[in-house]
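Here's the structure we're looking at; comments come further down.
Numbering (UniProt numbering), first residue to last: 1 to 436.
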């Protein structure tokens with residue numbers, strides 16, 4: 001049922017958990033089939049009807065034309081069966097078949113308000129649905145603050161006054177107009193937005209400091225479309241107890257664990273929130289920690305669910321998002337996941353099209369072991385060969401080298417130890433500076 005979260009004197013967006021929804025889907029070639037239905041399912045909303053919308057006649061204030069609106073009003077109503085002659089007509093002749101309408105598009109505040117008025121039923125656009133899922137899934141303090149900030153920015157232009165008449169507060173004896181309740185609420189929201197922005201900047205600085213302290217460790221970042229199997233793959237690579245659920249956005253946030261069995265130099269694996277088509281602008285900031293983690297990674301593992309019929313569109317969305325946020329990178333590795341659910345002919349075509357891609361079934365230990373070997377090999381290919389002489393007086397450097405580098409050989413004389421090794425360029429530069 002409706003779970004309205006706005007305050008008593010104003011209306012923003014009605015938020016739902018459970019209930020029945022009628023979907024309006026955009027009939028576009030690159031639209032991921034069934035995605036809005038799965039988003040609704042994540043919120044426990046039952047889909048009772050779907051209507052395709054071809055090239056909606058959008059204007060600044062309307063999303064659909066008058067004729068289409070009339071058709072939808074009819075679709076959203078159920079009529080009682082034909083009455084017998086001796087039966088009385090019920091008081092309510094028609095009943096709505098749904099509690100709300102979900103639109104697979106981003107609506108302007110005016111479009112959303114007018115569509116609700118025309119259909120006489122609450123309307124949520126794609127942004128509102130994803131926002132509510134993020135709100136439900138957020139676990140860390142940072143993600144909760146990010147989602148609250150995104151929601152306030154989304155709600156602000158959609159606040160509507162409930163009722164009419166004199167609704168002003170303030171305005172003293174000097175004749176001031178005072179403020180309407182809606183104006184006061186907007187002021188409160190803007191103050192909260194400023195507070196959240198400040199808190200998040202402090203958290204981002206702290207996160208960056210933590211990442212800077214991990215410059216001596218290789219990080220493999222799992223990125224990909226939501227529900228591509230990243231969390232299951234994370235568990236397989238690290239043994240970590242990471243939530244792996246067959247729902248969109250089951251994971252919201254970034255998890256970092258050490259690859260198991262451990263290798264030298266150490267390899268960390270990070271699991272991130274999944275991307276999605278038409279990610280709402282209000283939620284781009286909610287991906288900041290995920291994108292920062294990916295940006296600083298040694299390797300980006302772009303995970304694609306090879307068994308999903310929409311995998312090609314999903315992969316396109318991921319690469320576009322990565323390019324837009326961090327530019328072109330040479331350290332991206334395509335990982336075709338759930339390959340066990342793909343027939344041999346399709347596997348052969350994938351190998352031919354993506355010869356450098358790694359294939360894996362996260363549920364198959366043998367397949368995962370092979371993936372680990374390939375990932376370590378790729379990581380090692382990024383290590384720089386070097387020869388370092390470390391005086392005995394610099395014993396701390398020796399410990400770091402043995403823990404963080406791939407040591408090929410070491411020889412000793414009366415002055416110190418000579419290492420032939422392979423290590424990340426940043427580590428080599430740091431050790432040379434420490435040696436002096």
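Cβ coordinates follow ideal geometry from the N, Cα and C atoms, glycine included.
Item                                                                                                                                             : Value
Could you spell out where the alpha helix (DSSP H) holding residue 425 opens and where it closes?                                                : 425-435
CA-CA distance, residue 321 and residue 276?                                                                                                     : 9 Å
From what residue to what residue does the beta strand (DSSP E) around residue 218 run?                                                          : 218-224
Can you find a C-beta in chain B that's less than 8 Å from the C-beta of residue 387?                                                            : The structure shown has no chain B; it contains just one protein chain.
Run through the DSSP bridge pairs and tell me what residue 26 is partnered with.                                                                 : 53
Under three-state DSSP, which class holds residue 77?                                                                                            : strand
With DSSP run on the structure shown, which of helix, strand or coil describes residue 302?                                                      : strand
Can you have a look at residue 120 and say buried or exposed, based on whether 16 or more other CB atoms are within 10 angstroms of its CB?      : exposed
On the DSSP bridge list, what partners appear for residue 258?                                                                                   : 268
Taking the alpha-carbon positions, what's the residue 128 to residue 317 distance?                                                               : 20 Å
Could you check the C-alpha separation between residue 355 and residue 217 for me, to the nearest Å?                                             : 28 Å
Output the distance between the C-alpha atoms of residue 43 and residue 272, rounded to the nearest integer angstrom.                            : 21 Å
Would a C-beta distance cut-off of 8 Å place residue 461 and residue 370 closer than the cut-off?                                                : Residue 461 lies beyond the residue range present for the chain, which begins at 1 and ends at 436; the question has no answer from this structure.
Flag this pair as touching only if the stretch 415-425 and the stretch 378-394 have three or more C-beta atom pairs under 8 Å; answer yes or no. : yes
If you count every other CB in all the chains shown that lies within 10 Å of the CB of residue 419, and 16 or more means buried, which is it?    : buried
Nearest-angstrom Cα distance between residue 314 and residue 292?                                                                                : 21 Å
Taking C-beta to C-beta, are residue 417 and residue 390 nearer than 8 Å?                                                                        : yes
Measuring straight from C-alpha to C-alpha, what distance separates residue 47 and residue 135?                                                  : 21 Å
Name the residue from 325, 372, 297 and 241 whose alpha carbon lies nearest to the alpha carbon of residue 262.                                  : 372
Do you know how far the Cα of residue 268 is from the Cα of residue 219?                                                                         : 5 Å
Would you decide whether residue 74 is buried or exposed? Buried here means 16 or more other CB atoms lie within 10 Å of its CB.                 : exposed
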